[in-house]
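Enquirer: In this note's numbering, the protein residues as written are 2 to 387.
Next up is a structure, given as structure tokens.
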């Protein structure tokens, strides 16, 4: 993550630039940090759809031939670490990256057959040359409730291409999320970016929870709405409160972030995060759920050291780590008073990205997880691995 103007020209890895939202100098600041990289792609993360549109338009005008894509966020991660009410732009230099984009609209209609055909066609177009590695980045409407089906289709259509991504956010309002692609603002849609690079890439994923001995069975659910109606044949919110030792009135986003439900799949536990209590005393989740599913209550581990260990395990210091980090993780970090330490960790490892309403990797939609893609310099001993 390089913001030194003297070193931007000929930058090796992606370059992250940050500006204050709403400031009159936002566009000049971002352009000053991006222009010398001659980017093939710029990812833009902003707290409002207006900023997304205005800044996206300005970047498109100033960077002809560059793909501009982005989304609204629930928080940003930039050169300063965690931020709110800022705009982060990440440029991928054309000398090391080639990019193509595809918009998948009308997610609610689940045009899976159409998606599969289009995705396979795009995959054939971007087959990497020897010495290059292909990967995909996914941005998706964070309120669409279609991520699970979408990532399954992506995994089936592009089995040899690792796809990582994040669900667009709306602060903590959960009312409307917006994507930017081809100069247009989109809802109920996803943007897939397929890239290939001569840099080495490594996935970094971390969820700071371990399973407890406390389990519950989903005895009634509405899968298409991601609602649990009953746990252990009791109203879901009441039973969850009992299992966590909380009062029914104490169920807030912060407590949901501290006490997630875990689903065991593929030998690992994956977070099925709770977003709200529903009007009928159920629980609204941020990932799919089915009747008959066995869930385990999670307990938090060390949020800083665990992620530090995962980043330190990279073969070399990264040029940058593109991050999709769940907003519920950030809430837990803030509640624990660890924001400064987490920001310092991000700065040390050149992490940049945004806080999401959900994350995608390995053909799954998950929550409360840090999903990152590290870019390494092969000349310094990095090797190509997804």
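Using N, Cα and C, we set each Cβ at its ideal position, and we do this for glycine too.
Within 10 Å of its beta-carbon, does residue 266 have 16 or more other beta-carbons around it, so buried, or fewer, so exposed?
Expert: So residue 266 counts as exposed.
Enquirer: Can you round the beta-carbon distance between residue 367 and residue 359 to whole angstroms, since I take them to be within the 8 Å contact cut?
Expert: About 7 Å; that satisfies the 8 Å criterion.
Enquirer: Under the rule that 16 or more other beta-carbon atoms within 10 Å means buried, what is residue 170, buried or exposed?
Expert: Burial call: buried.
Enquirer: Does residue 228 pass the burial test, meaning 16 or more other C-beta atoms within 10 Å, or should it be called exposed?
Expert: That one is buried.
Enquirer: Considering residue 247, what are the terminal residues of the beta strand (DSSP E) in which it resides?
Expert: Per DSSP, residue 247 belongs to no beta strand (DSSP E) and is neither H nor E.
Enquirer: So, helix, strand or coil for residue 306, using DSSP?
Expert: Three-state result, residue 306: helix.
Enquirer: Among residues of its own chain, excluding the 5 on either side of residue 239, which ones have a beta-carbon nearer than 8 Å to its beta-carbon?
Expert: Result list for residue 239: 249 and 282, in chain order.
Enquirer: Just checking: is the beta-carbon of residue 89 within a distance shorter than 7 Å of some beta-carbon in chain B?
Expert: Absence of chain B from the displayed structure is noted, only one protein chain being present.
Enquirer: Flag this pair as yes or no: are the beta carbons of residue 197 and residue 135 separated by less than 7 Å?
Expert: Contact flag set, yes.
Enquirer: Where does the unbroken alpha helix (DSSP H) through residue 360 begin, and where does it stop?
Expert: Not the alpha helix (DSSP H): residue 360 falls in the beta strand (DSSP E), residues 360 to 362.
Enquirer: Hey, out of 106, 161, 49 and 213, whose CA is closest to residue 195's CA?
Expert: Among 106, 161, 49 and 213, the Cα nearest to that of residue 195 is on 161.
Enquirer: Could you tell me the distance, in whole angstroms, from the CA atom of residue 308 to the CA atom of residue 91?
Expert: Their backbone Cα atoms lie some 22 Å apart in a straight line.
Enquirer: Output yes or no for whether 7 Å exceeds the beta carbon distance between residue 332 and residue 369.
Expert: Result no, Cβ atoms of residue 332 and residue 369 do not sit closer than 7 Å.
Enquirer: List, from N- to C-terminal side, the beta strand (DSSP E) runs of 3 residues or more that fit wholly inside the segment 27 to 110.
Expert: Those beta strand (DSSP E) runs which fall completely within the segment 27 to 110 and span 3+ residues are 40 to 47, 68 to 73, 77 to 79, 82 to 84, 87 to 94 and 98 to 106.
Enquirer: Write down every uninterrupted run of the beta strand (DSSP E) in the segment 239 to 299 whose length is 3 residues or greater and which is fully enclosed by it, in chain order.
Expert: Correct list: 262 to 266, 269 to 273, 275 to 278 and 284 to 286.
Enquirer: Run through the DSSP bridge pairs and tell me what residue 231 is partnered with.
Expert: Residue 231 pairs with 221 and 236.
Enquirer: Look up residue 162 in the DSSP assignment and say whether it is helix, strand or coil.
Expert: Three-state DSSP puts residue 162 in coil, outside helix and strand.
Enquirer: In three-state terms, what does DSSP make of residue 301?
Expert: Three-state result, residue 301: strand.
Enquirer: Pick helix, strand or coil for residue 183, following the three-state DSSP scheme.
Expert: Reduced to three states, the DSSP call for residue 183 is coil.
Enquirer: What are the partner residues of residue 167, as DSSP defines its beta bridges?
Expert: Answer is 140 and 360, bridged to residue 167.
Enquirer: If we count the other Cβ atoms within 10 Å of its Cβ and call it buried at 16 or more, is residue 145 buried or exposed?
Expert: Counting Cβ neighbours within 10 Å, residue 145 comes out buried, since at least 16 surround it.
Enquirer: Do the segment 63 to 72 and the segment 334 to 341 make contact, defined as three or more Cβ pairs closer than 8 Å?
Expert: Touching, no, given that fewer than three Cβ pairs across the two stretches are closer than 8 Å.
Enquirer: Using DSSP with H/G/I as helix, E/B as strand and the rest coil, what is residue 315?
Expert: Correct three-state label for residue 315: coil.
Enquirer: How big is the Cα-Cα spacing for residue 190 and residue 164?
Expert: Each residue's Cα considered, the two are about 17 Å apart.
Enquirer: For the alpha helix (DSSP H) that contains residue 122, what are its first and last residues?
Expert: Per DSSP, residue 122 belongs to the alpha helix (DSSP H) from 113 to 126.
Enquirer: Taking all protein chains shown into account, decide if residue 295 is buried (16 or more other Cβ within 10 angstroms of its Cβ) or exposed.
Expert: Answer is exposed; the Cβ neighbour count stays below 16.
Enquirer: Terminal residues of the continuous beta strand (DSSP E) containing residue 196?
Expert: First-last of the beta strand (DSSP E) with residue 196: 190 to 198.
Enquirer: For a test of the three-state rule: what should DSSP assign to residue 379, helix, strand or coil?
Expert: Looking at residue 379 - three-state DSSP - the assignment turns out to be helix.
Enquirer: Residue 245 and residue 260 - do their beta-carbons sit closer together than 7 Å?
Expert: Yes, Cβ-Cβ distance for residue 260 and residue 245 is below 7 Å.
Enquirer: Rounded to a whole number of angstroms, what is the C-alpha to C-alpha distance between residue 97 and residue 379?
Expert: Approximately 12 Å, taken between the alpha carbons.
Enquirer: In the DSSP assignment, find the unbroken beta strand (DSSP E) run with residue 323 in it and report its ends.
Expert: Taken as a continuous stretch (DSSP letters only), the beta strand (DSSP E) holding residue 323 covers 321 to 327.
Enquirer: Do residue 272 and residue 208 come within 7 Å of each other at the CB atom, strictly closer than that value?
Expert: Contact flag set, yes.
Enquirer: Answer yes if the segment 207 to 226 comes into contact with the segment 300 to 307, meaning at least three C-beta pairs across the two stretches below 8 Å, and no otherwise.
Expert: The segment 300 to 307 vs the segment 207 to 226: in contact.
Enquirer: Using C-beta distances below 7 Å, list every residue in its chain close to residue 334, excluding the 5 sequence neighbours before and after it, in chain order.
Expert: Taken in chain order, the residues that qualify are 304, 340 and 343.
Enquirer: In the DSSP output, which residue or residues are listed as bridge partners for residue 211?
Expert: 300, per the DSSP bridge assignment.
Enquirer: Among the candidates 128, 31, 263 and 86, whose CA atom is the shortest distance from the CA of residue 217?
Expert: Ranking 128, 31, 263 and 86 by Cα distance to residue 217 puts 263 first.
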